[in-house]
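Going letter by letter, the sequence shown gives residues 342 to 615 in UniProt numbering.
For every residue, glycine included, the Cβ atom is placed at its ideal position computed from N, Cα and C.
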Amino acid sequence: AKRAGRGVVHVFDEGMDEGIRFRRRIEGGLSEAIARGELSLVYQPIVGRDAFDVLGFEALLRWNTAEYGPMSPAVFIPIAEESNLIHELGDWVLGKALAEMQHWPDQYVSVNFSPRQFRRHNFVGHVMESVQRAGVSPTRVQIEITETAIFDDAERAAETLYKLRQMGFRIALDDFGTGYSSLYNIRKFALDCLKIDKSFIDGMGRERESAAIVHSIIHLGRALGLGVVAEGVETEAQVQALRIAGAQYLQGYYLSRPVMPTIARDLAARGRIG
Ligand code: C2E
Ligand code: CA
Ligand code: CA
Ligand code: CA
């Protein structure tokens, strides 16, 4: 039994080593990525449900690594999030987004902040300083956070959100429905909109449960005076269903994939999709 146990531990260790080596590589690469110019942002339009007017864009980070080629943020953000690298990365994202949005007539930019960034000491002052330096009105900046960011230390988060809101920032709760927020607590937070996670939109046509969840979130949003964005909209049928359900805003490949800054600029100037 002992030998078998050791065998298992051994295999497990090797797997871990590889995982750790990969992480180390990513961390090393990320700390150089900014200086090497390997990072960029793409922008995905957020549109009104009826005329598909372009109201804003979500900024999404892209990393073209020297070693592995393009790497998904779903892979490297969680690694950055485990160290202070996330702050450097986040500062770069915010600065870049604020610079690039200045070419748009009046659309807002929606920027993702990880829980660690959100809990950073003096987060509010930090974001405000960046926005002032860029000469952008906070009303054109939406801060996207997840439920994880606010429910761990709800009291402190509520205060942070309140301050941000006072300064004019918009606040969106991202991936809504996938976290563990209680519907009851959500009213305590100063929010502007809920983003319904793609998984529920995907399921809408297939399962009653997903459709029911989408409807509930839309009703909740309405009751609390919040906007509701449906994420990951991929089909005409979903657009129709979401219109009937009463979602005000849509985002997803059906409307537009995330696009390069020059294309975003054209879409912003045109003011609508299609
Ligand atoms: P997210 O914030 O939920 O962003 C939405 C993701 O869904 C993006 O993936 C987007 O490209 C993708 N998407 C949008 N519409 C559709 C659709 O119709 N179909 C499908 N299949 N996918 C769609 P992406 O760009 O790979 O980003 C993945 C995640 O990485 C983001 O999820 C976000 O959590 C994180 N992330 C990206 N950029 C940043 C950033 O600048 N800072 C932080 N902290 N996280 C970021
Ligand atoms: Ca997001
Ligand atoms: Ca999301
Ligand atoms: Ca997500």
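I believe residue i touches residue j by the beta-carbon criterion, under 8 angstroms. Please report the beta-carbon distance rounded to the nearest angstrom.
i	j	result
residue 380	residue 403	7 angstroms
residue 535	residue 512	Rounded, the Cβ-Cβ distance is 10 angstroms, inconsistent with contact.
residue 383	residue 570	18 angstroms between Cβ atoms; not a contact.
residue 590	residue 396	7 angstroms
residue 526	residue 490	14 angstroms between Cβ atoms; not a contact.
Check whether the Cβ of residue i sits closer than 6 angstroms to any heavy atom of ligand 6, and report yes or no.
i	result
residue 572	Inclusion of ligand 6 in the displayed structure is not the case, the ligand content consisting of ligand 1, ligand 2, ligand 3 and ligand 4 alone.
In the DSSP assignment, what residue or residues form a beta bridge with residue i?
i	result
residue 515	487
residue 394	613
residue 458	According to DSSP, which records beta bridges pairwise, residue 458 is partnered with nothing at all.
residue 450	398 and 482
residue 403	381
residue 600	384
residue 686	No answer is possible for residue 686: it lies beyond the span of the chain, which begins at 342 and ends at 615.
residue 536	570
residue 412	404
Here's a check: name, in chain order, each residue in its chain whose Cβ is nearer than 6 angstroms to the Cβ of residue i, leaving out the five neighbours to either side.
i	result
residue 618	Since the first residue shown for the chain is 342 and the last is 615, residue 618 is missing from the structure and cannot be characterised.
residue 455	422 and 427
residue 480	509
residue 444	606
residue 699	This structure cannot speak to residue 699, because the chain is shown only from 342 to 615.
residue 559	569, 586, 587 and 588
residue 486	454 and 459
Spatial neighbours of residue i within its chain, please: CB distance less than 8 angstroms, with the 5 preceding and 5 following residues excluded, ordered by chain position.
i	result
residue 345	Annotation note: pLDDT 46 at residue 345 (below 50); position unreliable, coordinate value reported separately. The answer is none, since no qualifying residue turns up.
residue 411	403, 404 and 405
Under 7 angstroms Cβ to Cβ from residue i, same chain only, skipping five residues before and after it: list those, please.
i	result
residue 604	none
residue 374	380 and 404
residue 528	565
residue 538	516, 517, 518, 519 and 572
residue 420	364, 367 and 368
residue 554	518 and 541
(request) Mind the definition here: the region 466 to 474 touches the region 490 to 501 only if three or more C-beta pairs lie below 8 angstroms; say whether that holds. (result) Touching, no, given that fewer than three Cβ pairs across the two stretches are closer than 8 angstroms.
(message) Below 8 angstroms, how does it come out for the region 400 to 418 and the region 369 to 379: are there three or more Cβ pairs, yes or no?
(response) Contact between the region 400 to 418 and the region 369 to 379 is present, because at least three Cβ pairs lie under 8 angstroms.
(request) Can you list the residues near ligand 2, meaning Cβ strictly closer than 6 angstroms to any non-hydrogen atom, in the order they appear in the chain? (result) Working through the chain, the matches are 399, 453, 485 and 515.
(request) Check whether the region 593 to 613 touches the region 390 to 404, counting contact only when three or more Cβ pairs, one atom from each stretch, lie closer than 8 angstroms. (result) The region 593 to 613 vs the region 390 to 404: in contact.
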